[in-house]
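Quick note on numbering that gives the first Met the number 0: the sequence shown kicks off at 0 and runs consecutively.
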Amino acid sequence: MAKEKFDATDFLSSLFHYAHDFNFNHIIFEANRYKVSVNLVRKSATYGNAEVFYVSADTKEFAPVMSSVNGAIEISELEGKQQATVKTTNLERGDQVFQFRLHEFGNGKYSLDLSI
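Laid out in structure tokens, this is it:
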């Protein structure tokens, strides 16, 4: 049975909406060759610190989402900016701006931290 791929626009709209509503300021994508996990992290004196698991998926199913995020990062790097923007048409604000930091751990393990 073929598994459905994630719709990048719908997923990112949902993710950014949830993170915004619950005051999370970091979205962390942890990836290896087999799966991608998404965690939300809040570092705040006002709302307290928290970390929540959001979703885990096969890398092939999650490819459209990562492609959308990576495309935004590549454009911002070409423009020499420190912030990237993803179009999220399902949100009222339309765009989501974030800063990014990529960590490589070797053996195909990566962590992408989006600060929103």
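Every residue gets a Cβ at the ideal spot worked out from N, C-alpha and C, and that includes glycine.
What's the gap between the Cα of residue i and the Cα of residue j?
i: Arg-32; j: Phe-104; result: 13 Å
i: Ser-55; j: Thr-45; result: 29 Å
i: Gly-107; j: Thr-58; result: 12 Å
i: Val-35; j: Leu-11; result: 14 Å
i: Val-68; j: Val-85; result: 7 Å
i: Lys-42; j: His-25; result: 8 Å
i: Tyr-53; j: Met-65; result: 15 Å
i: Ser-75; j: Glu-3; result: 30 Å
With a 10 Å radius around its C-beta and 16 neighbouring C-beta atoms as the bar for buried, classify residue i as buried or exposed.
i: Val-51; result: exposed
i: Ala-1; result: With a pLDDT of 49 at Ala-1, under the threshold of 50, the modelled position of this residue cannot be trusted; read the value that follows with caution. Ala-1 comes out exposed.
i: Ala-121; result: Residue numbering for the chain in the displayed model covers 0 to 115; residue 121 lies beyond these limits and cannot be assessed.
i: Thr-88; result: exposed
Have a look at the options and flag the residue whose alpha-carbon is nearest the alpha-carbon of residue i.
i: Phe-99; options: Val-37, Ala-83, Leu-90; result: Ala-83
i: Asp-23; options: Asn-69, Val-40, Ser-13; result: It is worth fixing the name first, because residue 23 is Phe in this sequence and not Asp. Nearest C-alpha to Phe-23: Val-40.
i: Ser-110; options: Asn-38, His-16, Asp-9, Asp-20; result: Asn-38
i: Leu-14; options: Phe-97, Leu-101, His-102; result: Phe-97
i: Gly-126; options: His-16, Ser-66, Arg-92, Phe-21; result: Given that the chain is displayed from residue 0 to residue 115, the structure contains no residue 126 and the question cannot be resolved.
i: Asp-112; options: Asp-94, Phe-28, Phe-5; result: Phe-28
Kindly indicate which three-state DSSP category residue i falls into: helix, strand or coil?
i: Met-0; result: Residue confidence is low: Met-0 scores 39 on pLDDT, short of 50, so the model does not pin down where it sits. No coordinate-derived value is stated.
i: Tyr-33; result: coil
Name the DSSP bridge partner or partners of residue i?
i: Ile-87; result: In the sequence as displayed, the identity of residue 87 is Thr instead of Ile. In the DSSP output, where bridge partners are listed per residue, Thr-87 has none listed.
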